[in-house]
Amino acid sequence: MKWITPIVLIVICIMLSCSPRNELKPPTNPYDPDNPDYELPHASVIGEVDYGEVIDTSAVTIIWQGNETAYEFSYRYDLDIVETDWSVWTRDTSVTLRYLDEGNYQFDIKARTNQTVPVEGDANSFHFSVDAVKGPAVRCFPIYQSISVGQESEIEIIAEEVDSLMGAEVHLTFNPAIIRVKSVAYSPFLYEDLANGVSFKEIDNVNGTVDMVVVRSSGSEPTVSGTGAIAILEIEALSAGSTDIEINTSVFKDRNNDLIDVTQRINGIIVVE
58 MKWITPIVLI VICIMLSCSP RNELKPPTNP YDPDNPDYEL PHASVIGEVD
108 YGEVIDTSAV TIIWQGNETA YEFSYRYDLD IVETDWSVWT RDTSVTLRYL
158 DEGNYQFDIK ARTNQTVPVE GDANSFHFSV DAVKGPAVRC FPIYQSISVG
208 QESEIEIIAE EVDSLMGAEV HLTFNPAIIR VKSVAYSPFL YEDLANGVSF
258 KEIDNVNGTV DMVVVRSSGS EPTVSGTGAI AILEIEALSA GSTDIEINTS
308 VFKDRNNDLI DVTQRINGII VVE
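Here's what the structure looks like:
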């Protein structure tokens, strides 16, 4: 019976060579693209603000979360056609957006991995709207802007949610050491042209004041309703610092020369760097 032992050993070796224990297992590293469960890094918005929600404040906190491969995040937010740059990469999972103007916003968030050569995933978009100003009102647009010394920019004076507006008088103040107002142009929302309106404007870059009066006297419609720009100010940054564009006085009148009650006045802020 001694001859049986070698045969048994050969059979055992053949069986072991065919054992499934020698088959390669799929990778389990979540960062390995060959892993069947691999996902590109991504992030999505969670929290108190719902998709498409209309908020009634000019500040909002956006919270997001990432998947297993997400390590850092970058975001940006756009108002209609105005697009901001992507933020620096951060480990934070929330941001508070302040000085939001009226309108529709798109918040984009993307993520990347924690690798020597990071892998970046596609951005996800989240939409919301801001309706913080209840008319009739007058406001500066944008509420906040940051510019450099020597740079020129614009700020609009907006009539918000007006009904049958025929004339407007607005008085502004600013710090003349920080900016100067180069010009004031009236918008066709209220002022069509010289033949169909009366206007007055005075810029004082010594004392930091702008006085504006515009009346719609005729034209296609004797009054206007809704939301639109009364005037557009062209400004130039003179020195570093910040200044309010303060709406000191605003008077709205209808076609009967009766006062329209202005419920809110929203100032602007300009930071010069």
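The number in the numbering used here is simply the position in the sequence shown, starting from 1, with 57 added. Note that the Cβ used here is the ideal one computed from N, Cα and C, for glycine as well. As the structure is a computational prediction, the values presented were derived from the model and not from experiment.
Contact between the region 187 to 198 and the region 154 to 161 (3+ Cβ pairs under 8 angstroms): yes
Determine the direct distance from the alpha carbon of A242 to that of D315, and round the result to whole angstroms. 25 angstroms
Please list the terminal residues of the continuous beta strand (DSSP E) segment that includes L222. E209 to L222
Cα separation between L247 and I120? 41 angstroms
Go through the region 220 to 307 residue by residue and report every complete run of the beta strand (DSSP E) that reaches 3 residues or more, in order. 224 to 230, 236 to 243, 254 to 261, 266 to 273 and 281 to 294
Give a yes or no on contact between the region 160 to 177 and the region 205 to 217, applying the rule of three or more CB pairs nearer than 8 angstroms. no
Can you round the beta-carbon distance between V329 and S296 to whole angstroms, since I take them to be within the 8 angstroms contact cut? 7 angstroms
Output the distance between the C-alpha atoms of Q172 and S299, rounded to the nearest integer angstrom. 41 angstroms
What are the uninterrupted segments assigned as beta strand (DSSP E) that are 3 or more residues long and contained completely in the region 141 to 187, given in chain order? 151 to 154, 160 to 169 and 181 to 187
Which of helix, strand or coil DSSP assigns to I200: coil
Cβ neighbour criterion (16 or more within 10 Å) applied to A27: The question about residue 27 has no answer, for the chain in this structure spans 58 to 330.
Would T141 pass as a contact of F130 if the rule is Cβ separation under 7 angstroms? no
Quick check: what's the CA-CA separation for T230 versus D179? 45 angstroms
Output yes or no for whether 7 angstroms exceeds the beta carbon distance between E291 and K239. yes
Measuring CA to CA, which of I326, R273, V219 and E125 is closest to G283? V219
Own chain partners of V152 with C-beta closer than 6 angstroms, once the 5 adjacent residues on each side are dropped: I119
Report the three-state DSSP secondary structure of V206 (helix, strand or coil). coil
Local Cβ density within 10 Å of S307, reported as buried at 16 or more and exposed below that: buried
What first and last residue would you give for the beta strand (DSSP E) that runs through Y134? E129 to L136
Does R322 come out as helix, strand or coil in the three-state DSSP assignment? strand
Put V190 into one of helix, strand or coil per three-state DSSP. coil
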